Amino acid sequence: MSWTIIATWRMALEGVQEGAKLLEYKGNSEDAIEKAIKMVEDFPYYKSVGYGGLPNENGEVELDAAFMDGDSLSIGAVAGIKDFKNPISIARKLSEEKVNCFLVGQGAEDYAHKNGFERMNMLTDRAIIQYKNRLKETVDKGLSPYSGHDTVGMVALDQNNSMASGTSTSGLFMKKRGRTGDSAISGSGFYVDSEIGGATATGLGEDIMKGCSSYEIVRLMKEGYTPQEAADKAVGQLNDLLIKRRKKAGDISVVCINNKGEFGVATNIEGFSFVVATDNLTPTVYVCSSKKGKTSYEVATSEWMDNYMKKRTAPLKLK
Ligand code: SD4
10 MSWTIIATWR
20 MALEGVQEGA
30 KLLEYKGNSE
40 DAIEKAIKMV
50 EDFPYYKSVG
60 YGGLPNENGE
70 VELDAAFMDG
80 DSLSIGAVAG
90 IKDFKNPISI
100 ARKLSEEKVN
110 CFLVGQGAED
120 YAHKNGFERM
130 NMLTDRAIIQ
140 YKNRLKETVD
150 KGLSPYSGHD
160 TVGMVALDQN
170 NSMASGTSTS
180 GLFMKKRGRT
190 GDSAISGSGF
200 YVDSEIGGAT
210 ATGLGEDIMK
220 GCSSYEIVRL
230 MKEGYTPQEA
240 ADKAVGQLND
250 LLIKRRKKAG
260 DISVVCINNK
270 GEFGVATNIE
280 GFSFVVATDN
290 LTPTVYVCSS
300 KKGKTSYEVA
310 TSEWMDNYMK
320 KRTAPLKLK
């Protein structure tokens, strides 16, 4: 029987490897998503997800996460949650609630506490250095504070044809307190329906939400487009619309799979990476480029992989 798991960015590799093992041994897609995303959240060098995530402009790490079960269409999500170790697990637990399944800020923290989730200070020394340096640059040079993003988003299909999706992010570096993007918003940052397929997005949430990109991709797959066609069409159309109406489009990248496990990917930036594993493909990192609305991708070279980790783990100094 076939299975597939796909995720945004190279940082998902170790998680996808674990998720793939589960799927290979007939584990379900929900467990695979939670396990894989937890691994990304726990790795301190990834500065845009979970522990080690970069803070908002007040120096607080506010996290967003969501979980969706493609069989029941149940959704759970948290936004702006502070001081809890694994937002994806809280989102999954919330997906079991009939109402009150999307909680923000203090309400999300109260729920997590009541349900026994582990508390943790998510602000690392490394993130503090980046915050202080950025503050200095922003004040000194008047740079826009909105930069730095790499949300992890995943979709999985298991051997019972069940699908699930999840996201986790610290959002945009130096965001306003209380700001949330697409990642916790159903249809924008993620969507999955086991009878069709699923998609997840990363990039500038403010723009992704204008196109409800994940739902749009699933809708296009339902109309008969292949995952690759659906991804290119959804990203291309939103990119063009934003340029037409607003003169500018933010970063938009998506990955998706249909319920046969075929995958697609699209981006309007250079260098978007993603990870995919199937019953026929060991977990593999690809790097994308986009020309005239068509996305192509190549297996990441070992040099690219080495540089990626070196860059993430390089010592940081206060400027
Ligand atoms: C957000 N979409 O909060 C997220 C950030 C992100 O890759 O994806 N970064 O807007």
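Residue numbers (my numbering): 10 to 328.
For every residue, glycine included, the Cβ atom is placed at its ideal position computed from N, Cα and C.
Owing to the predicted nature of the structure, the values given are computational and were not obtained by experimental measurement.
Neighbourhood of residue i by C-beta distance below 8 Å, restricted to the same chain and skipping five residues each side
{"i": "LYS94", "result": "GLU50, ASP51, GLY59, TYR60, PHE126, GLU127, ARG128, MET129 and MET131"}
{"i": "ILE252", "result": "ALA258"}
{"i": "GLY68", "result": "LEU132, ILE137 and TYR140"}
Classification of residue i by the beta-carbon crowding that lies within 10 angstroms, buried from 16 upward
{"i": "GLU146", "result": "exposed"}
{"i": "SER197", "result": "buried"}
{"i": "VAL294", "result": "buried"}
{"i": "LEU290", "result": "exposed"}
{"i": "ARG19", "result": "buried"}
{"i": "VAL308", "result": "exposed"}
{"i": "GLU204", "result": "exposed"}
Where the alpha helix (DSSP H) containing residue i begins and where it ends
{"i": "GLU33", "result": "22-33"}
{"i": "ASP78", "result": "Not the alpha helix (DSSP H): ASP78 falls in the beta strand (DSSP E), residues 72-78."}
{"i": "VAL49", "result": "38-51"}
{"i": "THR322", "result": "311-322"}
Separation of residue j from residue i, as counted between CA atoms
{"i": "CYS297", "j": "GLU27", "result": "23 Å"}
{"i": "LYS56", "j": "LYS35", "result": "32 Å"}
{"i": "PRO53", "j": "MET314", "result": "18 Å"}
{"i": "PRO1", "j": "GLU71", "result": "As shown, the chain starts at 10 and ends at 328. That puts residue 1 outside it, with no answer to give."}
{"i": "LYS102", "j": "PHE76", "result": "9 Å"}
{"i": "ALA21", "j": "ALA173", "result": "16 Å"}
{"i": "TYR334", "j": "ALA88", "result": "What is shown of the chain runs 10 to 328, which leaves residue 334 out entirely."}
{"i": "ALA286", "j": "LYS326", "result": "37 Å"}
{"i": "THR176", "j": "ASN170", "result": "20 Å"}
{"i": "LEU112", "j": "VAL161", "result": "20 Å"}
{"i": "GLY273", "j": "LYS319", "result": "29 Å"}
{"i": "ILE99", "j": "GLY207", "result": "21 Å"}
{"i": "LEU229", "j": "VAL263", "result": "14 Å"}
Beta-carbon proximity list for residue i, same chain, < 7 Å, skipping 5 on both sides
{"i": "TYR234", "result": "LYS242"}
{"i": "LEU82", "result": "ASP202"}
{"i": "THR189", "result": "ASP73, ALA88, GLY89 and GLY180"}
{"i": "PRO292", "result": "LEU22, VAL25, GLN26, ALA29, VAL284 and ALA286"}
Residue span of the beta strand (DSSP E) that contains residue i, given as start and end
{"i": "LYS330", "result": "It is not possible to answer for residue 330, since the shown part of the chain is limited to 10 through 328."}
{"i": "GLY206", "result": "206-212"}
{"i": "PRO292", "result": "290-300"}
{"i": "SER223", "result": "Taken as a continuous stretch (DSSP letters only), SER223 belongs to no beta strand (DSSP E), being part of the alpha helix (DSSP H) at 222-231."}
{"i": "ALA100", "result": "No beta strand (DSSP E) holds ALA100; the alpha helix (DSSP H) holding it covers 96-103."}
{"i": "LEU247", "result": "Careful: LEU247 lies outside any beta strand (DSSP E), inside the alpha helix (DSSP H) at 236-255."}
{"i": "GLY273", "result": "272-276"}
Neighbourhood of residue i by C-beta distance below 6 Å, restricted to the same chain and skipping five residues each side
{"i": "GLU279", "result": "SER298"}
{"i": "LEU213", "result": "GLY259 and ASP260"}
{"i": "PRO154", "result": "In this predicted model, PRO154 has a pLDDT of only 49, less than 50, meaning its place in the structure is not dependable; the value taken from the coordinates is given anyway. So the qualifying residues of the chain are THR147 and MET183."}
{"i": "THR13", "result": "LEU166, ILE266, GLY270 and THR287"}
Worksheet item: So does the segment 224-238 actually touch the segment 182-200, counting three or more Cβ pairs closer than 8 Å?
Response: yes
Worksheet item: Is the segment 35-45 close to the segment 166-174, with three or more CB pairs under 8 Å?
Response: yes
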